[in-house]
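First up is the structure itself, then whatever we jot down about it.
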Amino acid sequence: MLEMAAAELGKYAARHIRRSAWSSPTCRCGVDFRLRRGRLAIIDGNIKSTKSAKYDYIIVGGGTGGLAVAHRLAEDGRNSVAVIEAGGFYQESGNFSVIPAYGEAAFTSISPDAINESPERDLTWPFVTVPQASAGGAQFRYARGKTLGGTSALHSQNYQRPPVGYHKVWAEQVGDASYEWSNMFRFYQKSTNLTQITDLRAKNASFPPNNLVGETTGPIQISYGTWATPIASWIQRAFRELGVADAPSQINGAILGAQYNPVTQNYDTQTRESSQTSYLDASFNHGRTNLKVYKHSLAQKVIFNSKKEAVGVAVQGFESGHPFVLSADKEVIVSAGAFQSPQLLMVSGVGPKATLQKHNIPVVADRPGVGRNLQDHTIFNVAQEVNVQTYTGLAGDRAAIDLAEKEYKNNSPPRGILASQLGDFLAWENLPAKYRTAFTAQTKADLAQYPADWPEVEYIVASAPFGAAEFSTPKDPKNIFYFTPCLNRPQSRGNIAISSSNMRDQPLINPNLLSTKTDEQVLVATFRRTRDFFNAKSFKPVLIGEELLPGKENVPLDATDEEILTYLKASNSGWSWHASCTCKMGRRDDPMAVVDSEARVYGSGTPSICRLCVGGKGLGRHFEGKMRRLRGFLGTGSKV
Numbered sequence: 235m236l237e238m239a240a241a242e243l244g245k246y247a248a249r250h251i252r253r254s255a256w257s258s259p260t261c262r263c264g265v266d267f268r269l270r271r272g273r274l275a276i277i278d279g280n281i282k283s284t285k286s287a288k289y290d291y292i293i294v295g296g297g298t299g300g301l302a303v304a305h306r307l308a309e310d311g312r313n314s315v316a317v318i319e320a321g322g323f324y325q326e327s328g329n330f331s332v333i334p335a336y337g338e339a340a341f342t343s344i345s346p347d348a349i350n351e352s353p354e355r356d357l358t359w360p361f362v363t364v365p366q367a368s369a370g371g372a373q374f375r376y377a378r379g380k381t382l383g384g385t386s387a388l389h390s391q392n393y394q395r396p397p398v399g400y401h402k403v404w405a406e407q408v409g410d411a412s413y414e415w416s417n418m419f420r421f422y423q424k425s426t427n428l429t430q431i432t433d434l435r436a437k438n439a440s441f442p443p444n445n446l447v448g449e450t451t452g453p454i455q456i457s458y459g460t461w462a463t464p465i466a467s468w469i470q471r472a473f474r475e476l477g478v479a480d481a482p483s484q485i486n487g488a489i490l491g492a493q494y495n496p497v498t499q500n501y502d503t504q505t506r507e508s509s510q511t512s513y514l515d516a517s518f519n520h521g522r523t524n525l526k527v528y529k530h531s532l533a534q535k536v537i538f539n540s541k542k543e544a545v546g547v548a549v550q551g552f553e554s555g556h557p558f559v560l561s562a563d564k565e566v567i568v569s570a571g572a573f574q575s576p577q578l579l580m581v582s583g584v585g586p587k588a589t590l591q592k593h594n595i596p597v598v599a600d601r602p603g604v605g606r607n608l609q610d611h612t613i614f615n616v617a618q619e620v621n622v623q624t625y626t627g628l629a630g631d632r633a634a635i636d637l638a639e640k641e642y643k644n645n646s647p648p649r650g651i652l653a654s655q656l657g658d659f660l661a662w663e664n665l666p667a668k669y670r671t672a673f674t675a676q677t678k679a680d681l682a683q684y685p686a687d688w689p690e691v692e693y694i695v696a697s698a699p700f701g702a703a704e705f706s707t708p709k710d711p712k713n714i715f716y717f718t719p720c721l722n723r724p725q726s727r728g729n730i731a732i733s734s735s736n737m738r739d740q741p742l743i744n745p746n747l748l749s750t751k752t753d754e755q756v757l758v759a760t761f762r763r764t765r766d767f768f769n770a771k772s773f774k775p776v777l778i779g780e781e782l783l784p785g786k787e788n789v790p791l792d793a794t795d796e797e798i799l800t801y802l803k804a805s806n807s808g809w810s811w812h813a814s815c816t817c818k819m820g821r822r823d824d825p826m827a828v829v830d831s832e833a834r835v836y837g838s839g840t841p842s843i844c845r846l847c848v849g850g851k852g853l854g855r856h857f858e859g860k861m862r863r864l865r866g867f868l869g870t871g872s873k874v
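Quick note: the sequence shown, position 492, residue 726 per this note's numbering, numbers continuous.
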């Protein structure tokens, strides 16, 4: 494994913060969850005195989606709600997932070695994929959050909403017009509390606030932060030079173009906003005693009665194995993520009949689509040294890190590089004609299935590497700019399977990326487009030296499409941690559909399925806004 300066910085930062008084959960930069616990029952599943109980609703998974649903179901006080979560409060592990800049290290590498090296290893499931054909049989890490807040406690905090065309496709696929943009927009607005751009932000990193929707009543704090990545204003010039126009906004139903993006970040404290700090904290603050959280608790099986109705969940203490049962008077809601939601369904008897019989699991419902249709976005990285500050410039420089921490701690609101999640500028486009000349008729047909406002490609402007296996970064501190393109109309499909009937055994995860000619051709075209951005006249003044990644020695300027593809597959491609669609939402006559438009499992009375696994066609990009809105939508009574 080559040197990864950003990951090294993350390791140092985690050690440094955790041993300081600053890491106390009651400090300004943390979340005072200890004071709030008295208002809401937090039950530890590891404790052997934990007893079986009955509630109206049981929610499996206290992550991005589960806590949103719990908040909505409990808010009128009439429903009793229990959340089952394998992890605990992420703040108990220090401030690594609280301070925006430090949180990036969880997703810097897909190498299996990173499972034990990541500063956030206590907050993630140790998932490793099955051997991947496109990578010569290699296996890779796939990080998922194991904590209250789920992966919203770990990810890059980018907040976008899908375009209008995406919602139209969704509504058509599931046969339900309520998923049209015009019907869903109010649910987006209900979920967020937006702080507009302020004067603390650099003038060249701002844009008119009248381009933003004024949303001030929801639990999720979104903002633009006090610090902007300096490289962004330079790459924006390159985008403009090569025909990528500025986008007026990324949350109003149109995202094509380039712009500074809002992030899930509390403006006053400049700290991460997760589903725990938003939805669960809102329940804390309102004193909702009808909501209980079972932390350190692992759901083992959904219990069905003779009528195929879900009536409860068998649970064990995550470490202790202490068994207990939570019964549901109304509904069981599975919100365990795109990997463990289908796993839980299968071990409970809902899934492909042959798979269930192989593991001696009684069949409740033969649903061949459970665990199928897995989708994610293939990504790669291009990197070069620049003459403006980036995250990697701090790596190994303790004095620089100490100075950055001082700037963050001694200002109100906090300022400096630590107040940024380091990827605050994004661009989306459909590839121009000059890059499509090698596309086959099939590739063109595959891409034409999508509405025109659904981008083919996204570009992440980052100060740290993101989601690929190897990075060649100098050992001495240098400011490295990482440019991360992503495929937004992927045709490759993977799957999730089970290795046993026990939830403690890891599911078999097969992303199966780059398994179609279409994805390969778009990847190569995007690589050529990326090099043209770096060669833009307006971008040259900020660059130092030659390309570091992949480097012209690895991919010459005159490389063929096949040579580019071979390099990307072998050394520099990964995914954006956006697994989705493994419990597909669809019409009743779709044999691969798992749930209907009300998120109810076909072939059973309940449960509902929430979280990322409900998608049909692949998701447009950073879908936290979509997922939190969907969870809030399903939890209002409109769909549950």
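Backbone N, C-alpha and C define an ideal beta-carbon position, used for all residues, glycine too.
Since the model is a prediction, treat every value here as computed from it, not as a measurement.
CB-CB under 6 Å to residue i, same chain, minus the five flanking residues each way: which ones, in chain order?
i      : result
Ile613 : Gly701, Thr718, Cys720, Gly808 and Ser810
Leu514 : Leu301
Gln455 : Asn427, Asn500 and Glu507
Asp410 : Ser831
Asp188 : Since the first and last residues shown for the chain are 235 and 874, residue 188 lies out of range.
Asp502 : Pro647
Gln755 : Phe673 and Thr677
Gly555 : none
Cys261 : Caution applies to Cys261, whose pLDDT of 36 falls short of 50 and renders its modelled position unreliable; the value that the coordinates give is listed next. Once the five neighbours on either side are set aside, Cys261 has no close Cβ partner at all.
Asn438 : Ser467
Tyr246 : Confidence at Tyr246 is low in this model, with a pLDDT of 35, below 50, so the placement of that residue should be treated as unreliable; the coordinate-derived value is given next. Cβ neighbours of Tyr246 beyond the five flanking positions: none.
Pro708 : Note that Pro708 scores a pLDDT of 48, beneath 50, so its modelled location is shaky; the value from the coordinates is reported in the next line. Hits under 6 Å: none found.
Glu639 : none
Less than 8 Å separating the beta-carbons of residue i and residue j?
i      : j      : result
Pro496 : Leu608 : no
Lys771 : Glu475 : yes
Pro576 : Cys817 : yes
Asn214 : Gly650 : The question about residue 214 has no answer here: the residues shown for the chain are numbered 235 through 874.
Ile465 : Val695 : yes
Leu783 : Asn769 : no
Arg821 : Ala813 : no
Gly279 : Gly546 : no
Gln470 : Phe659 : yes
Ile730 : Leu742 : yes
Ala533 : Tyr289 : no
Ala436 : Lys380 : no
Lys535 : Ser582 : yes
Tyr669 : Arg723 : no
Val452 : Ser425 : Looking at the sequence shown, residue 452 is not Val but Gly. The answer is yes: Cβ separation under 8 Å.
Pro825 : Gly491 : no
Arg395 : Gly487 : yes
Glu619 : Ile714 : yes
Phe441 : Gln493 : yes
Val776 : Asn615 : no
Ser749 : Ser726 : yes
Please work out which residues of its chain come closer than 7 Å, Cβ to Cβ, to residue i, disregarding the five sequence neighbours upstream and downstream, and give them in chain order.
i      : result
Ala255 : The predicted position of Ala255 is uncertain, since its pLDDT is 29 and thus under 50; a value taken from the coordinates is nonetheless stated next. Contacts found: none.
Pro666 : Gly477
Ala472 : Phe767, Ala770, Ser772 and Phe773
What are the start and end residues of the beta strand (DSSP E) that includes residue i?
i      : result
Gly779 : Leu777 to Leu783
Thr589 : Per DSSP, Thr589 belongs to no beta strand (DSSP E); it is in the alpha helix (DSSP H), Lys587 to Lys592.
Pro557 : Pro557 to Val568
Asp876 : The structure shown does not extend to residue 876, since the chain is modelled only from 235 to 874, so the question has no answer here.
Tyr422 : Premise fails: Tyr422 lies in the alpha helix (DSSP H), Trp415 to Ser425, not in any beta strand (DSSP E).
Ala731 : Asn729 to Ala731
Which two residues bound the contiguous alpha helix (DSSP H) that contains residue i?
i      : result
Ile293 : Where Ile293 is concerned, there is no enclosing alpha helix (DSSP H), although the beta strand (DSSP E) it sits in stretches over Ala287 to Val294.
Asp636 : Arg632 to Lys643
Val581 : Gly571 to Val581
Asn519 : Asp515 to Asn519
With respect to 7 Å, is the separation between the Cβ of residue i and the closest non-hydrogen atom of the ligand ADP below this value?
i      : result
Phe374 : Ligands are entirely absent from the displayed structure, and the ligand ADP is therefore not among its contents.
Just confirm the distance between the C-beta atoms of residue i and residue j, as a whole number of angstroms; I'd bet it's less than 8 Å.
i      : j      : result
Gly322 : Leu382 : 7 Å
Val362 : Pro346 : 5 Å
Pro397 : Ile489 : 6 Å
Gly627 : Lys712 : 6 Å
Trp461 : Ser654 : 4 Å
Near residue i, which residues of its chain fall below 8 Å by C-beta distance, leaving aside the five closest residues on each side in sequence?
i      : result
Asn788 : Tyr801 and Ser805
Count the C-beta pairs between the region 309 to 325 and the region 621 to 631 that are closer than 8 Å, then say yes if the count reaches three, no if not.
Contact between the region 309 to 325 and the region 621 to 631 is absent, because fewer than three Cβ pairs lie under 8 Å.
Contact the region 563 to 583 vs the region 285 to 305: 3+ CB pairs below 8 Å
yes
Taking 8 Å as the cut-off, does the region 778 to 796 touch the region 593 to 611 (at least 3 CB pairs, one atom from each stretch)?
no
Can you confirm whether the region 677 to 693 touches the region 586 to 595 when touching is taken to mean that 3 or more C-beta pairs between the two stretches lie within less than 8 Å?
no
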